[in-house]
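The next block holds one structure in the form of structure tokens; read it before the comments.
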Amino acid sequence: MYCKNCGKQLPDGAQFCDGCGARQVDDGYSAQQVKSGYVAYTNGREPKPSVGFIDAIKMFFTKYADFNTRSRRSEYWWAALFCALAGMVASAILKNYAWLWTLAVLVPSIALGVRRLHDIGKPGTYYLFVLIPLVGSIILLVWFCQDSTGDNQWGPNPKY
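If you want my numbering, it's the 1-based position in the sequence shown plus 772.
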């Protein structure tokens, strides 16, 4: 039998891990699945569903100046898609006044980028890499595609 939390081998029938102290609950996974890595490490928490398109837009505008927490990948990419599509519509309809849309989403976009950096464990000041022509945008793109790290100084993992 192996610990569902840390993977340490335990005596059969153990109710707690003597390594990490986690309670051992029969959740239907075999010890072989745990040992072989087929069971994801979640520290006993189930992943939350991904943020949907509408929820991402709501969070984009309600957390418009929040630079201190974290944002999931799904939240970031849905909001980015919304901003791009709405920007195209604004430029087609408003012509010379499309800059108003850019101005309206400037602070929320920066805040979302900073929260996304926080989610992967990087400081928000790294968002200034966007000022480096071409290379900075590529670096940020790679970072924004990375999955969440565990809990960090900006809060618990929003995935769990």
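Using N, Cα and C, we set each Cβ at its ideal position, and we do this for glycine too.
Since the model is a prediction, treat every value here as computed from it, not as a measurement.
Rounded separation between residue i and residue j - CA only
i       : j       : result
Tyr-932 : Lys-867 : 43 Å
Asn-929 : Gly-922 : 5 Å
Ala-828 : Lys-776 : 33 Å
Ser-920 : Lys-835 : 19 Å
Gly-896 : Gln-787 : 42 Å
Ile-911 : Gly-785 : 49 Å
Leu-782 : Gln-796 : 10 Å
Phe-825 : Phe-901 : 27 Å
Ser-881 : Phe-832 : 8 Å
Pro-819 : Trp-850 : 19 Å
Gln-925 : Val-886 : 14 Å
Residue(s) in a DSSP beta bridge with residue i
i       : result
Asn-924 : Gly-927
Phe-788 : Arg-795
Tyr-869 : In DSSP, Tyr-869 forms no bridge with anything.
Tyr-774 : Gln-781
Residue i - DSSP class collapsed to helix/strand/coil
i       : result
Lys-780 : coil
Ile-829 : helix
Gly-824 : coil
Residue i vs residue j beta-carbon contact at 8 Å
i       : j       : result
Ser-846 : Arg-888 : no
Asp-838 : Ala-870 : no
N-terminal and C-terminal residue of the alpha helix (DSSP H) that residue i is part of
i       : result
Val-907 : 907-917
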